[in-house]
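Asker: Count the sequence shown with the working numbering and you get residues 377 to 581, in order.
By construction, the Cβ of each residue, glycine as well, lies at the ideal position given by its N, Cα and C atoms.
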Amino acid sequence: NKKLFINLLLILSCCSALAQQVDKVIKTTIYKSYYSYTIKNPLYVTYTLSKGGGDCNRAKFSFRKCDEETAGDDDYSGTGYDKGHLANAEDFAYDCELDKETFCYYNCMPQTVRLNRGIWKKWETTIRTLSQKQPVFIIAGGIYGNKLLKEGRTVVVPDYCYKIVVDPPTHKILYCLLFPNNDSGEVQELTLAQLKAKLPYPLVP
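Rendered as structure tokens:
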């Protein structure tokens, strides 16, 4: 019985890892999304930012389905979770057409209101300010468990969100940040190796 139980755990672990594989890489004008149809979320998004910011009016922008198999508005309605950008909208506010590209479910994951509008936003601003001085390469993603955004649907809520900020010429890691997807307002600075050890999927930017 013990052997059977161990084998079952190994199978479940394997299936969990397989569930968090990149099913499709979507390349837009401004970012790449490494998307999983199984959990209906991007595992991570990558983009380069230089002199981000601007004054585009995003009041009429809203997230849209970019193909039939992504998450949609119905998945989020009534859940209390924000639709969190991975490639930040304000980073591309210097061009409304580019800004609009960020409002795609390929670039969205469920975040608590306090995270999305709090410490996550604060770091988006910090990184955007840094981009005024130098170009930066950004990887933003989620670490997913088994919590569903809505019962009966397949969108999974990340347990943690992360940001990695790289200096392109030197490949030096400027920031590697881990954010619990809750209302704690906490953020942890890690090494890249420490973060990768927590990921059930490889980073292939």
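Please report whether the beta-carbon of S409 lies at a distance below 8 angstroms from any beta-carbon of chain C.
Answerer: No chain C is part of this structure, which consists of one protein chain only.
Asker: Rounded to whole angstroms, what's the CA-CA distance from Q321 to P556? Just pull it up for me.
Answerer: There is simply no residue 321 to check, as the chain begins at 377 and stops at 581 in what is shown.
Asker: Which residue wins for smallest C-alpha separation from I503, given the options C480, L474, C552, T567?
Answerer: I503 has its Cα closest to that of C552, out of C480, L474, C552, T567.
Asker: Can you have a look at L568 and say buried or exposed, based on whether 16 or more other CB atoms are within 10 angstroms of its CB?
Answerer: So L568 counts as exposed.
Asker: Is Y482 near the ligand COA, judged by its Cβ being under 7 angstroms from some heavy atom?
Answerer: What this structure holds is no ligand at all, so the ligand COA is not there to describe.
Asker: With a cut-off of 8 angstroms on the beta carbons, I'd call C442 and Q487 a contact; round off their distance for me.
Answerer: Contact doesn't hold; Cβ gap of about 19 angstroms is too wide.
Asker: Would you report the Cα separation of D431 and E473, rounded to the nearest angstrom?
Answerer: If I take the Cα positions, the gap works out to 12 angstroms.
Asker: Does A463 come out as helix, strand or coil in the three-state DSSP assignment?
Answerer: Here A463 sits in coil by DSSP.
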